Amino acid sequence: MRIAFIATYPPEKCGIGTFTHNLRNAIEQVTRGNDIYTTSIVAVSANPSEFDYPEEVKFTINKNSPKHYVEAANYLNENADICFLQHEFGIFGGENGNYILTLLSKLKIPLVVTYHTVLNRPSKGQLSMMSAISKMASRVFVMSSLAVDFLEHIYKIDREKIVKVEHGVPVFHMPSRDQLRRQLGFEGKRVLFTFGLLSRNKGLEVVINALPKVVKRFPDVQYVILGKTHPNVVKESGEEYRNYLKLLAQKRNVKDHVVFDDRYVTDKELIQMLKATDVYITPYLNEEQITSGTLSYAIGVGALIMSTPYWHAKELLDEQRGILFPFNNSDRLADELIDLFDNPERAELIRDASSMYGAQLSWPKIAQKYLTSLDAVMKEALPEFFAGGMNIDISVLPEFNFKHLRKLTNHTGILQHTIYDVPNLKEGYCIDDNSRALIMVLMARKYIKNIDLSTYVTRFLSFIHYMQKDDGSFHNMLKYNYQFIPEKDSEDAFGRTIWALGTLVWEAQSDGHRKLAIEIIKKALPAVGKLKSLRGKANTLIGLCQYAGTDEDRLKTVNDKIEKLAEDLLVAFKTTESGSWRWFEGILTYDNGILPLALLNAFNVTGNRSYIDVATKSMNFLDKQTLVNGVFVPVGNKEWHIKGKKKYNYDQQPLEVMSMVMAYLELFRATGHEKYLGSLFRTYLWFLGNNTNHFPLYDHRTGACYDALTPKGVNENQGAESLISYWVSHFTVLKAYYLQYE
């Protein structure tokens with residue numbers, strides 16, 4: 018059995034990497050002489066080239082490079098029999114580490130996973146991620162009984178998949194405890210010990226605040242703090258926490274009783290110190306820690322442990338294997354320490370209980386437990402479990418590039434047109450593009466974490482607010498000198514603005530943004546009843562559905578408008594539908610996908626099946642009209658497609674692609690039929706060159722998009738609508754990809 022681990026790995030300093038290194042070595046140890054088992058490592062890092070990895074590392078992944086995950090999957094499928102994933106959200110790239118799904122979705126070999134963090138209050142994204150991984154995994158390993166309970170009842174993972182295997186502990190031959198104490202300079206002292214990467218949540222100040230009371234009774238007490246400050250903490254605040262602890266020790270007059278040992282030590286050195294210490298203390302400040310490798314090491318060598326009652330400690334120190342004291346309670350800790358030192362018999366009983374339990378945690382014994390499960394997985398593996406294949410390959414998606422967005426956007430908003438790639442100031446701004454740009458950046462925030470997009474949200478919202486009239490409707494066009502162009506007002510623009518605001522109500526990270534969006538929508542509601550155009554109604558319908566969402570109070574205020582707008586679309590469809598023409602009008606014009614998309618949104622809010630029935634019929638009709646030899650060919654914008662006449666294929670507009678991509682996603686969500694994911698991805702590929710001209714519309718250099726596909730090539734202008742159409746489609750593809758696992 019060729020076992021391939023995916024994890025961080027030494028020499029990178031990471032607890033997950035250390036765990037993987039120890040488990041891999043233990044498997045090699047217990048299977049030595051048995052050629053059936055071999056191990057290898059796929060190492061994940063933000064900068065893998067920085068590390069000189071050992072020979073067992075056969076492949077590396079740059080955590081922030083989607084294509085590396087695809088390449089790793091191909092490597093694993095050819096060079097491993099089983100994939101053993103070590104999961105922690107921060108290890109992998111993407112939102113909540115979702116890039117790993119790219120790799121896992123392409124595996125043709127069994128998958129097992131160890132969860133190093135299991136939260137009892139996961140975010141929606143975290144819950145979705147772990148549910149997705151667990152569905153693909155044959156076994157899910159955790160290290161505590163509480164984690165088993167969380168996975169079963171919070172994450173809804175099949176109990177039969179879950180296996181509890183405790184954290185392993187290294188085994189070394191070493192001198193007696195008395196000899197170690199002499200070697201380490203502990204002789205004649207009562208040593209309290211804490212180790213691990215320093216950070217505020219470790220609560221070490223609780224121990225220092227307890228020392229004066231303990232030292233007064235036992236002047237030979239010494240508190241040893243071993244470990245460097247956590248690298249992320251150093252980046253954010255340097256050695257502020259360590260310096261705070263030193264000043265606190267000085268202030269409490271126990272400076273001479275606190276030793277800061279600022280080192281990374283080997284496992285052997287650590288085990289020696291744990292065995293030689295009198296009391297090992299973990300004074301963490303909150304309960305939400307499902308696994309503590311440091312605690313496992315301590316009990317593994319039979320240390321006398323005192324700890325706050327975080328989850329792992331409560332379980333591991335049960336049955337008098339240690340002492341628990343309340344969070345942030347220095348007085349209680351001091352009293353417990355004094356009692357222990359006054360009653361050496363009690364201390365010895367606790368240490369004995371710890372030793373008996375710890376003897377079960379040696380890495381060879383833990384490795385054997387894992388191997389038993391891996392053997393079972395290989396015997397159970399069924400070919401159909403690994404069959405499947407994905408409709409969407411996100412490895413072809415370009416890397417994020419908002420260079421053109423920055424070029425088009427100034428302190429007022431996004432300019433609507435360009436001459437080639439140069440902003441055309443003469444054409445000014447429109448609320449249409451600023452509203453859709455707001456939707457775009459709200460989508461982008463879910464996938465782009467290294468760029469602050471809040472300024473764009475504020476700017477586009479501010480523009481919308483500026484453009485609202487006293488009667489609640491909106492100016493559409495604004496000259497560069499801030500003069501309105503009233504004759505250019507548009508019902509489409511009104512609807513798209515409501516759509517953007519409705520989205521912001523749910524996606525806002527600022528209360529101010531949310532409150533202003535609600536105020537603008539409320540002011541605009543009276544104008545909804547005056548809409549006449551189908552696309553104006555459709556865009557508004559989407560916006561009101563987004564605004565209502567799952568909020569019953571908001572739904573009550575707009576439900577009648579949602580139903581009226583949806584009914585208008587139904588009436589239009591039933592009036593025009595005849596024979597094979599299943600559409601809302603006797604002509605296919607522009608932004609066609611928006612009409613079924615609006616009904617699908619109405620279905621999501623109301624549950625009215627008639628909406629999804631008409632949406633499905635009309636989308637299937639559009640599909641037939643726009644699919645030519647496996648290529649998406651939208652209705653041309655130069656001459657629209659009149660019923661009974663020949664369809665004209667040019668000029669093809671990015672807006673058509675965007676509405677169709679979004680409609681396919683909602684159709685998949687409503688029906689569960691994966692064929693719509695295939696249609697979605699095929700349609701998106703129009704941007705990348707899978708079109709009638711075999712020419713990419715997306716400009717990889719600038720992150721822009723050409724304005725149209727023409728008979729002679731492309732319209733070389735790169736306006737805001739095209740830019741937005743591409744990126745909204747891009748983020749919709751990502752959303753669809755990860756939605757498959759929910």
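So that you can map any letter, position 208 of the sequence shown is 225 in our numbering, and since no number is skipped, the others follow by simple counting. Beta carbons are placed, not taken as given, at the ideal position from N, Cα and C, and that holds for glycine. Just so we're clear, the structure is a prediction, and the values are computed from it rather than from any experiment.
message: What does the alpha-carbon distance come out to for the pair Ile126 and Ile409?
response: 20 Å
- request: Mark Thr472 as exposed unless 16 or more other C-beta atoms lie within 10 angstroms of its C-beta, in which case mark it buried.
  value: exposed
query: What three-state label does DSSP hand Tyr281 in the structure shown?
result: coil
query: Would you report the Cα separation of Ser742 and Val674, rounded to the nearest angstrom?
result: 7 Å
Inter-residue Cα distance where the pair is Gly653 and Lys505: 23 Å
field: the segment 299 to 309 / the segment 320 to 332 touching (three or more Cβ pairs under 8 Å)
entry: yes
task: Check each candidate in Gly107, Leu672, Pro671 and Val750 and name the one with the smallest Cα separation from Thr681.
output: Looking at the sequence shown, residue 681 is not Thr but Tyr. The candidate whose alpha carbon is nearest that of Tyr681 is Val750.
field: Residues bridged to Phe760 [DSSP beta-bridge criterion]
entry: The first residue shown for the chain is 18 and the last is 759, placing residue 760 beyond what the model contains.
message: By the three-class DSSP mapping on this structure, what secondary structure does Ile611 have?
response: helix
message: Could you check whether the segment 429 to 438 touches the segment 474 to 490, counting it as contact only if at least three pairs of C-beta atoms, one from each stretch, sit closer than 8 Å?
response: yes
Length at least 4, wholly inside the segment 335 to 403: the alpha helix (DSSP H) runs in chain order: 347 to 359, 361 to 375, 380 to 397 and 400 to 403
- prompt: Alpha carbon to alpha carbon, how far is Pro248 from Ser162?
  reply: 30 Å
- request: Determine the direct distance from the alpha carbon of Ser324 to that of Pro28, and round the result to whole angstroms.
  value: 30 Å
message: Quick check on Arg156: buried or exposed, where buried means 16 or more other Cβ atoms within 10 Å of its Cβ?
response: buried
query: Which ranges would you report for the beta strand (DSSP E) in the segment 715 to 739 if only whole runs of at least 3 residues count?
result: 725 to 727 and 730 to 732
- prompt: What did DSSP end up calling Pro139 once you bin it into helix, strand or coil?
  reply: coil
task: Pull up the distance between the alpha-carbon of Phe403 and that of His85, whole angstroms please.
output: With a pLDDT of 31 at Phe403, under the threshold of 50, the predicted position of this residue should be treated as unreliable, though the coordinate-derived value follows. Approximately 21 Å, taken between the alpha carbons.
task: To the nearest angstrom, report how far apart Ala615 and Leu587 are at their CA atoms.
output: 11 Å
field: Cα-Cα separation between Ile579 and Glu569, rounded to whole angstroms
entry: 14 Å
message: So the candidates are Arg259, Asp284 and Ile242; which of them puts its Cα closest to the Cα of Val296?
response: Ile242
- prompt: Three-state secondary structure (DSSP) at Gln485?
  reply: strand
- prompt: Can you give the beta carbon distance from Ser550 to Glu594, rounded, assuming they're within the 8 Å contact cut?
  reply: Actually they do not touch by this definition, with Cβ atoms about 19 Å apart.
- prompt: My guess is that Val648 and Asn710 are in contact by the Cβ rule of under 8 Å, so how many angstroms apart are they, rounded?
  reply: Not confirmed; about 10 Å, so no contact.
task: In the DSSP assignment, find the alpha helix (DSSP H) that holds Lys581 and state where it starts and stops.
output: Glu569 to Thr593
- request: Could you say which of Glu683, Ser627 and Trp703 lies nearest to Leu644 if we only look at CA atoms?
  value: Trp703
Of the residues Pro71, Lys80, Thr55 and Thr48, the one placed nearest Ala63, counting alpha carbons only: Lys80
field: Exposed unless 16 or more other CB atoms sit within 10 angstroms - verdict on Gln433
entry: buried
task: May I ask you to report which of helix, strand or coil DSSP gives His492?
output: coil
query: Between which two residues does the alpha helix (DSSP H) harbouring Val129 extend?
result: Per DSSP, Val129 belongs to no alpha helix (DSSP H); it is in the beta strand (DSSP E), Leu128 to Tyr132.
task: For Pro187, count neighbouring C-beta atoms within 10 Å of its own C-beta (all shown protein chains included) and say buried if the count is 16 or more, exposed if not.
output: buried
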